[in-house]
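Remarks on the structure that follows.
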């Protein structure tokens, strides 16, 4: 019986140790559940505040740039005033020159036509006088025309 008692005693000791370990495990689990982990957020808070200040500075810089750009666009003109005036004046002078040239051409053409008509009338009058003075020449002329 000695062996049986020893084995029983060993089993009882193991069970007692097992129960003690289970109790320690339960206590450890309970402490772990009750334990609240606190994180140190101060470095993160500093980074967040730096990021916010950087963001605010960049926003202000962007607004200043956009305002300056808007002012420049409002004051911007595609062409300078003097260039527009010069262009309009040169167009006016060009059209005036073309009109003057056309008028001179028409006037010269009309004068040529009038001179031609006057010359024809003078020629006919001269021929009429000539044929009146020399009727025989008129007969020869009429034969020549036919």
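Numbering (my numbering), first residue to last: 8 to 153.
Built from N, CA and C at the ideal position, the CB exists for glycine as well.
Asked, Found
"CB-CB length for residue 137 against residue 126, believed under 8 Å", "Actually they do not touch by this definition, with Cβ atoms about 16 Å apart."
"Euclidean distance between Cα positions of residue 15 and residue 22", "10 Å"
"Limits of the unbroken alpha helix (DSSP H) element including residue 86", "That residue, residue 86, is in no alpha helix (DSSP H); it is neither H nor E in DSSP."
"Residue 10, enclosing alpha helix (DSSP H) - first and last residue", "9-41"
"Residue 48 - DSSP class collapsed to helix/strand/coil", "coil"
"Residue 139 versus residue 104 - alpha carbon distance", "51 Å"
"Cα-Cα separation between residue 31 and residue 46, rounded to whole angstroms", "27 Å"
"Nearest-angstrom Cα separation, counted from residue 65 out to residue 71", "10 Å"
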